[in-house]
Every structure is written in C-alpha cells, then in structure tokens.
Amino acid sequence: MVVSLEPPKNSSYIPDCWCVETGNNYVEHNAYSNMEEENLNICAGYDNGDIKFFDLRTMRLEHEVNVNNGVCAVNYDRKDTKKNKLICSTLEGNIYIFNLDVYNEVSGYSYSKDKIISGTCWGTPFLPQNRDIFATLGGDGNLGVYKYVYPEKNSIFDEKIGCKKGIVGELNKLNDLNVSTQPIISFDWCKDKLGLSVMASLDQTIKIYIITKLNLY
266 MVVSLEPPKN
276 SSYIPDCWCV
286 ETGNNYVEHN
296 AYSNMEEENL
306 NICAGYDNGD
316 IKFFDLRTMR
326 LEHEVNVNNG
336 VCAVNYDRKD
346 TKKNKLICST
356 LEGNIYIFNL
366 DVYNEVSGYS
376 YSKDKIISGT
386 CWGTPFLPQN
396 RDIFATLGGD
406 GNLGVYKYVY
416 PEKNSIFDEK
426 IGCKKGIVGE
436 LNKLNDLNVS
446 TQPIISFDWC
456 KDKLGLSVMA
466 SLDQTIKIYI
476 ITKLNLY
C-alpha cells in the first residue's frame, strides 16, 4: 500500500465511498527545484453526497463539496493530462459538472447541476477521441450522448475576494436511445474505433453499439 486516505478515527459518522477516479496525471517542470514533478489527483464520491478532491503530490484534501445525494460515479474528461473538467453522477439522475481549470480560494471549484433522467445516472464516461463528448448511463435503460459547450469566458474576477471564479459551460444533447429494460451499470468506449462501445445492464446482457457521426462534433 502506497497511501491510505481515511477519515479521522474519532469521527462520529463515516460515509461509504462509492466511487473513485484518478486524474490530473501529468509531469511538469518545477522552475525552483529544476526537477520534473509528477502530478496525480483522486476524486472520490460518497453515499452521503460528499465529493472530495485529493492531491497526492502534496498529500492534502484540495476541495470538498456535498451535493445532497449519493454519488454513483466520478469521471475526469482525461486522466493523463492537466485537469480540465469532471462530471459526477448521482442517484436522482442529476449530474454535476466541475470546472477544474479555475480554483477559487473561498468557494473552490465552480460547478453546475443538470437533471438528466428521473432515476439514477450510473456514470458519464467520456469519449476518448473527444473530451467534450460523454455518455450517460440511465437507471431506466436509456443511453444518452451529450456534448459539453464551453462558455465564452472560462472565469470571472470575483472582486469581493480578489481572485478568479470559474464559469461552467452548458450541455447539448446529441442523442438518446432506450437500450435495455434494466439499468445500464457499466460502459466502455473503444480507444481505436470512434463510436464503438460496449455496455452491461441488469437484464443479464452485454451489448455492443456503434454510435455514428461523432466525428461531426
């Protein structure tokens, strides 16, 4: 074991961690030490709605927020490059999009809330060939495809505290299809073939789909 991220032993309540994801994994040059330093972040989602961002290079809790509902999945748009955005999906069909490019010392990362479905959203895996397109895994068996549209400005200057505050973009729904009578609980994009995907649902089936025209976005 390299590191263990645990709550204080005297905590009165310890939530269950339901999901984890690594991101911000890249090497940068430190001008002060003249050395190459590797960055690595972990985002964790909990049953009580907590979302925690950990920085493993500095070994600290970078930011945390509560979204008032169990967090089923967390997805960085890319794992092996500088952090840009992250999506968390929850039990009640809401997804939360975080702008990780701008950190505010008071409010942390800015985020938006979007209602995707009436039931649970089990995940939001990003398309490997385009970090702005992602799928939504519905508890009702619906598979959705969305595109993230960046705002005109990535941040505004918060005069009250004298620093930047991030702005979150909007979602454009590209398509959706009911592919199962049961929840879609797992999904993976093919890195070599654009649009090729495989998914598993609770109807005891594994399905392979090709989502076309993704090259147009």
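Here the numbering used here is used: the first residue of the sequence shown is 266, the next is one more, and so on.
For glycine and all other residues, C-beta sits at the position ideal for the given N, C-alpha and C.
For a test of the three-state rule: what should DSSP assign to residue i, helix, strand or coil?
| i | result |
| --- | --- |
| Asn275 | coil |
| Leu459 | coil |
| Asn443 | strand |
| Asn395 | strand |
| Asn419 | coil |
| Gly403 | strand |
| Leu270 | coil |
| Ile475 | strand |
| Asp453 | strand |
| Thr470 | strand |
| Glu435 | strand |
| Asn409 | For the sequence presented, residue 409 should be read as Gly rather than Asn. Gly409 falls in the strand class under three-state DSSP. |
Could you give the C-beta distance for residue i and residue j, rounded to a whole number, given that I count them as a contact under 8 angstroms?
| i | j | result |
| --- | --- | --- |
| Leu321 | Val268 | 7 angstroms |
| Ile450 | Leu467 | 6 angstroms |
| Leu459 | Leu481 | Going by Cβ atoms, the distance from Leu459 to Leu481 rounds to 11 angstroms, so no, they are not a contact pair. |
| Leu351 | Gly431 | In fact, because the Cβ distance is near 12 angstroms, the residues do not count as touching under 8 angstroms. |
Tell me the residue span of the beta strand (DSSP E) that contains residue i.
| i | result |
| --- | --- |
| Cys428 | Cys428 to Gly431 |
| Gly373 | Gly373 to Lys380 |
| Tyr482 | Unbroken run through Tyr482: none, as it is neither H nor E. |
Return the chain-ordered ranges of every beta strand (DSSP E) run that is complete within the stretch 284-367 and spans a minimum of 3 residues. 300-311, 315-320, 325-331, 336-341 and 350-355
Say whether the stretch 393-409 touches the stretch 432-441, bearing in mind that this needs 3 or more beta-carbon pairs closer than 8 angstroms, one atom from each stretch. yes
Pairing CB atoms from the stretch 416-424 with CB atoms from the stretch 346-357, are three or more of them under 8 angstroms? no
Between the stretch 327-342 and the stretch 303-310, do three or more beta carbon pairs fall short of 8 angstroms? yes
Pair every Cβ in the stretch 330-338 with every Cβ in the stretch 283-291, then say whether three or more of these pairs are closer than 8 angstroms. yes
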